[in-house]
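See below for the structure under consideration.
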Amino acid sequence: MKAPIAPQPVKSDRSESCRSRTCPFLSIRVERFPPWAARTNPSLSAIATFASQPNLEDSLARHPDLALVSANYGLKLSTLAAFGVPALVSQSARPARSAMRFIEDARTMVRLVGDAVGAEAPTIAEAWRASFDERPRFIQSRVAAIPPKKRLSLYYARFYRTRLSDDEAQKLLDGRSPDGSRFNLTRN
658 MKAPIAPQPV KSDRSESCRS RTCPFLSIRV ERFPPWAART NPSLSAIATF
708 ASQPNLEDSL ARHPDLALVS ANYGLKLSTL AAFGVPALVS QSARPARSAM
758 RFIEDARTMV RLVGDAVGAE APTIAEAWRA SFDERPRFIQ SRVAAIPPKK
808 RLSLYYARFY RTRLSDDEAQ KLLDGRSPDG SRFNLTRN
């Protein structure tokens, strides 16, 4: 079984305009990312930051072709529609309550964004979805060759805003419990 492929970026002749204020693709984020996010993806610092509400005037001045809007964010689709900006809700209003629901939501969103962007994006989105589906099979085929007693355990947690503070999440990433005590991941 071969390793899953990584999706390639959509080719566009818009890269020059993206260096100016008229970029048709606009990436924004709310306030700031938690400190642990910068450790896992340093390129996040290049994304423009807005306060708790988006700056509609600045967004419209960039003439976006499409707005990807989170259901939990303060920008209303009706506001964008009034200014002729097509929008797609790019995140479910409810957090996934199971791993399978999270995976299905992610797969659906990749397809929707690919369809909305157009050009070759739907083909790339479908390749990503196929690769996404192949990853568990690839990992399972590799792990199957490892004797059960030699396998490592993995604990994965998604941090929702309402559950852990940034400081608590950072402590967990640093190998400390929320109360500050140290812990180690061990083999079963």
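Reminder that position 165 of the sequence shown reads as 822 in my numbering, one-by-one numbering, no gaps. Using N, Cα and C, we set each Cβ at its ideal position, and we do this for glycine too.
Query: Terminal residues of the beta strand (DSSP E) in which Ala649 lies; Result: The requested residue 649 is not part of the displayed model; the chain covers only 658 to 845.
Query: Buried/exposed call for Ser716, threshold 16 Cβ in 10 Å; Result: buried
Query: Secondary structure of Leu745, DSSP reduced to three states; Result: strand
Query: Reduced DSSP category for Phe740 - H, G, I as helix; E, B as strand; rest coil; Result: coil
Query: contact_flag[the region 786-798, the region 755-773] where n(CB pairs < 8 Å) is 3 or more; Result: yes
Query: Counted within 10 angstroms of its Cβ, other Cβ atoms place Val800 as buried (16 or more) or exposed; Result: exposed
Query: Reference Val774; option with closest CA among Pro721, Leu811 and Met757; Result: Pro721
Query: Given Arg864 as reference, the closest of Ala744, Pro779 and Arg794 once Cα atoms are compared; Result: Because the chain is modelled from 658 through 845, residue 864 falls outside the range shown and cannot be assessed.
Query: Gly771 burial status per 10 Å Cβ neighbour count (16 or more: buried); Result: buried
Query: Pairwise C-alpha distance: Pro743 and Leu723; Result: 5 Å
Query: Environment of Ser737 [buried if 16+ CB atoms lie within 10 Å]; Result: It should be pointed out that residue 737 corresponds to Leu in this sequence rather than to Ser. Buried, by the Cβ-count rule.
Query: Ala782 classed as buried or exposed, judged by whether at least 16 other C-beta atoms fall within 10 angstroms; Result: buried
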